[in-house]
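Residue numbers (the working numbering): 13 to 76.
Before any comments, here is the structure.
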Amino acid sequence: MHEFDKISIAEMSKKDMLIILEALEYTGEKTNQTDFLTLKNNIIKELSLLADSSEEEFLNYLEK
13 MHEFDKISIA EMSKKDMLII LEALEYTGEK TNQTDFLTLK NNIIKELSLL
63 ADSSEEEFLN YLEK
């Protein structure tokens, strides 16, 4: 088996990404484990940079 340090997502629907982000937020809030919230925030930050938009604009785009 090949080992990976990083994994990239080449293609994912907006709906699937939004569900993942919401699940990370829900889990982080319900378990009080900040790693889930940090991961959610990091994903949003990286994707908004790729989209050349603010984090708020990117989240609004996913929710459309």
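Backbone N, C-alpha and C fix where the C-beta goes; we use that ideal spot for every residue, glycine too.
Annotation: Glu34 to Phe16 spans about 26 Å, alpha carbon to alpha carbon. In this structure, the beta-carbon distance from Leu49 to Glu58 does not fall below 9 Å. Residues of the same chain with a CB within less than 7 Å of the CB of Ser66, apart from the 5 flanking positions on each side, are Ser60 in chain order. Contact between Leu74 and Leu30 is confirmed by a C-beta separation of about 4 Å, below the 8 Å threshold.
Excluding sequence positions up to five before and after Lys26, its CB lies within less than 6 Å of the CB of Leu74, all in the same chain and listed in chain order.
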